[in-house]
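Q:
Protein chains in written order, with the working numbering: chain A, 223 to 325; chain B, 20 to 67.
#1: With a threshold of 16 other CB atoms inside 10 Å of the CB of residue 240(A), please say whether the residue is buried or exposed.
#2: Using a beta-carbon distance below 9 Å, is residue 33(B) in contact with chain A?
#3: Nearest-angstrom Cα distance between residue 292(A) and residue 286(A)?
#4: Closer than 9 Å between beta carbons: that is the criterion. Which residues of the region 290-309 of chain A meet it against chain B?
#5: For residue 244(A), would you say it is in contact with chain B, using Cβ-to-Cβ distances shorter than 9 Å as the test?
#6: Out of 288(A), 269(A), 246(A), which has the shortest C-alpha to C-alpha gap to residue 263(A)?
#7: For a contact meaning CB atoms closer than 8 Å, what does residue 254(A) contact in chain B?
#8: Buried or exposed for residue 307(A), please, with buried defined as at least 16 other CB atoms from any protein chain shown within 10 angstroms of its CB.
#9: Can you check which of these residues, 302(A), 305(A), 257(A), is closest to residue 22(B) by C-alpha distance?
#10: In angstroms with no decimal places, state the Cα-to-Cα distance between residue 300(A) and residue 54(B).
#11: Return helix, strand or coil for residue 230(A), following the three-state DSSP convention.
#12: To the nearest angstrom, report how far apart residue 245(A) and residue 254(A) are at their CA atoms.
#13: In angstroms, rounded to a whole number, what distance separates the CA positions of residue 269(A) and residue 282(A)?
#14: Excluding five sequence neighbours on each side, which residues of the same chain lie with their C-beta closer than 7 Å to the C-beta of residue 249(A)?
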């Protein structure tokens, strides 16, 4: 598929809550991200990593329908704070998250 | 519609406590907020 890009950015999620609290927190977080990111264009996929690996922890991957939107979002997000931290965002070459796994 | 949906959180554009008035590039340049897995540059570089 063409027009596929993801933007990773780093956001950590607090731990040591009950499962219900964690789920609620995640849902709010996801909604918060989605609403803002949808301003840049049509979102096809939004993945949040809850992986302990340094290179993945808290990463959020957004796949936009159009490359231009991803580019636009990437540039904008790099100049934004989220939850008291500066965001780091870049375009990702990953095409298909079902195929991507660590070796 | 999504563009009319009100976010319930207030996380966007919330600067770190004590860093009010600094822009994102300036805060990144302090090195106090490195990405995980990257060496912290705390104290090594001055605020631009």
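Glycine included, C-beta positions come from ideal geometry on N, C-alpha and C.
A: Let me lay it out:
#1: Burial is judged here by how many other beta carbons sit within 10 angstroms of a residue's own beta carbon; residue 240(A) has fewer than 16 and is exposed.
#2: yes
#3: 6 Å
#4: The region 290-309 of chain A vs chain B, Cβ under 9 Å: 300, 301, 302, 303, 304, 305, 306, 307, 308, 309.
#5: no
#6: 288(A)
#7: 26, 27, 28, 30, 31
#8: Classification for residue 307(A): buried.
#9: 257(A)
#10: Going by C-alpha positions, residue 300(A) is about 13 Å away from residue 54(B).
#11: In this prediction, residue 230(A) scores a pLDDT of 41, lower than 50, which makes its location untrustworthy; no coordinate-derived value is stated.
#12: 14 Å
#13: Straight-line Cα distance between these residues: approximately 6 Å.
#14: none
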